[in-house]
Amino acid sequence: MDEALAVSYERCRELHKQHGRTYYLATRLLPAWKRRHVHALYGFTRYADEIVDRTDDLPPAARADQLSQWSESFVAGLHGAPVDDPLLPAVLHTIAVFDLDRGDFASFLRSMAMDLTVTSYATYDDLLDYMEGSAAVIGTMMLPILGSSDPAAARGPARELGLAFQLTNFIRDVGEDLYRGRTYLPDEDLDRFGVSRADLAGAVTRRAATPQIKNLIAYEVERARLHYAAAAPGVAMLAPGSRSCIRAAYTLYGGILDEVVAADYDVFVRRATVPNRRRAAVAARALLAAGDAPIAVPPTNLRTASRMPVGAA
46 MDEALAVSYE RCRELHKQHG RTYYLATRLL PAWKRRHVHA LYGFTRYADE IVDRTDDLPP
106 AARADQLSQW SESFVAGLHG APVDDPLLPA VLHTIAVFDL DRGDFASFLR SMAMDLTVTS
166 YATYDDLLDY MEGSAAVIGT MMLPILGSSD PAAARGPARE LGLAFQLTNF IRDVGEDLYR
226 GRTYLPDEDL DRFGVSRADL AGAVTRRAAT PQIKNLIAYE VERARLHYAA AAPGVAMLAP
286 GSRSCIRAAY TLYGGILDEV VAADYDVFVR RATVPNRRRA AVAARALLAA GDAPIAVPPT
346 NLRTASRMPV GAA
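To convert a position in the sequence shown, counted from 1, into the numbering used here, add 45.
Here's what the structure looks like:
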């Protein structure tokens, strides 16, 4: 590997370590030769997200132009053009090594562009259209790197895991997303529980959720756990050297939902995070677990989630 490419991979690793602590910890369980490729994919997705969300001083049109220019540079690189970017050499190398589906990257960039113009989603189907590019394709990008004896069978669970992880983030980050002018919880769900955007904004200000908001969050937690349940069988389908990593990531992200439940579904009191001691214990157990051992999946019942008792605000 030449020096410039090594520097690019290192830049991706630094981004991953800084911004994706949960997943970065899980990647430490991968064989060393696979880690850099996972870091490259994370770097690609994170940098696009940085353009969209970390340039608040720029108007949306300027951010859209910046994202478009970076996307064009990436596409040119796919066709062999030289790229002057600290991240893209590693990304392009990873795509070439594993012959990753270029369409997945186009779908991802489409969803990132949506974040510049779309501020809410009427239905869960509408949200899933966005999450197809922002989450599901991440699973399919990752699968060739992780390896599987049956990639066709593992594809569905890999996509479900991407959806589960992102919905977990949406649940945890309601206030942060609202600050950026977006709500990712579907409008139909807000209506179902009698919650408005103003109610969410009030909860951010008070740092406390109303009973109606808690019922909404409880419903979304159950929905996320349905995705985790659909993803669980895929772990045993992965290459043996990759199972510990994904088992740990699965458990750690699911642990964020456990923290939300423990906080009585109030995501405004504090940011739901898994304590460091538990994170280390999860990683150790994942490393020691038998490769084909089933993952414990919490029971789910989305149909009754709207009637779940939650505490007062």
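The beta carbon of each residue, even a glycine, is placed where N, CA and C say it ideally should be. This structure is a prediction, so every number in the text was calculated from the model and none was measured.
Which residues bound the alpha helix (DSSP H) around residue i?
| i | result |
| --- | --- |
| residue 272 | 256-276 |
| residue 90 | 77-98 |
| residue 175 | 169-176 |
| residue 300 | 285-307 |
| residue 313 | Element bounds for residue 313: n/a, residue is neither H nor E. |
| residue 136 | 133-143 |
| residue 52 | 48-64 |
| residue 219 | 219-224 |
| residue 155 | 147-159 |
| residue 29 | This structure does not reach residue 29, given that the chain is present from 46 up to 358, and the question cannot be answered. |
Quick test of your reading: residue i and residue j, contact by CB under 8 Å. State the CB separation rounded to the nearest angstrom.
| i | j | result |
| --- | --- | --- |
| residue 283 | residue 291 | 6 Å |
| residue 141 | residue 216 | Not quite, the Cβ-Cβ distance comes to about 36 Å (not below 8 Å), so this is no contact. |
| residue 184 | residue 204 | 4 Å |
| residue 109 | residue 151 | Actually they do not touch by this definition, with Cβ atoms about 16 Å apart. |
| residue 298 | residue 263 | Going by Cβ atoms, the distance from residue 298 to residue 263 rounds to 18 Å, so no, they are not a contact pair. |
| residue 145 | residue 105 | About 30 Å; that fails the 8 Å criterion. |
| residue 91 | residue 64 | 6 Å |
| residue 294 | residue 87 | That belief does not hold up - the Cβ atoms of residue 294 and residue 87 are roughly 12 Å apart, past 8 Å. |
| residue 180 | residue 208 | 5 Å |
| residue 75 | residue 96 | Wrong, their Cβ atoms sit about 27 Å apart, outside the cutoff. |
| residue 72 | residue 66 | Going by Cβ atoms, the distance from residue 72 to residue 66 rounds to 11 Å, so no, they are not a contact pair. |
| residue 173 | residue 93 | Residue 173 to residue 93, Cβ: 20 Å. No contact. |
Identify whether residue i lies in helix, strand or coil by the three-state DSSP scheme.
| i | result |
| --- | --- |
| residue 230 | coil |
| residue 165 | coil |
| residue 193 | strand |
| residue 105 | helix |
| residue 126 | coil |
| residue 340 | coil |
| residue 364 | The question about residue 364 has no answer, for the chain in this structure spans 46 to 358. |
| residue 239 | coil |
| residue 73 | coil |
Which residues in the same chain have their Cβ closer than 8 Å to the Cβ of residue i, if we skip the five residues on either side of it in sequence?
| i | result |
| --- | --- |
| residue 128 | 118, 119, 121, 122, 134, 137 |
| residue 51 | none |
| residue 354 | Reliability fails at residue 354, whose pLDDT of 38 lies under 50, so the model's placement of it is uncertain and the value that follows must be treated cautiously. Cβ neighbours of residue 354 beyond the five flanking positions: none. |
| residue 261 | 230, 234, 235, 237, 238, 240 |
| residue 352 | Summary for residue 352: the model assigns pLDDT 40, below 50, so the residue's position carries little reliability; its value from the coordinates is reported in the next sentence. Cβ within range, chain order: n/a, list empty. |
| residue 164 | 226, 227, 228 |
Near residue i, which residues of its chain fall below 7 Å by C-beta distance, leaving aside the five closest residues on each side in sequence?
| i | result |
| --- | --- |
| residue 149 | 182, 185, 186 |
| residue 49 | 134 |
| residue 98 | 225 |
| residue 242 | 228 |
Residues in its own chain within less than 6 Å of residue i by CB, not counting five upstream and five downstream?
| i | result |
| --- | --- |
| residue 202 | 276, 278, 279 |
| residue 210 | 298 |
Closest to residue i by C-alpha separation, out of the options, would be which residue?
| i | options | result |
| --- | --- | --- |
| residue 171 | 231, 56, 91 | 231 |
| residue 166 | 154, 255, 227, 76 | 227 |
| residue 322 | 64, 70, 59 | 70 |
| residue 222 | 154, 60, 245, 73 | 245 |
| residue 281 | 307, 102, 340 | 340 |
| residue 259 | 115, 212, 308 | 308 |
| residue 85 | 126, 131, 114, 112 | 131 |
| residue 78 | 139, 306, 199, 266 | 139 |
Cβ of residue i versus every heavy atom of the ligand NAP: is any distance shorter than 7 Å?
| i | result |
| --- | --- |
| residue 289 | The ligand NAP is absent from the structure shown, which contains no ligand whatsoever. |
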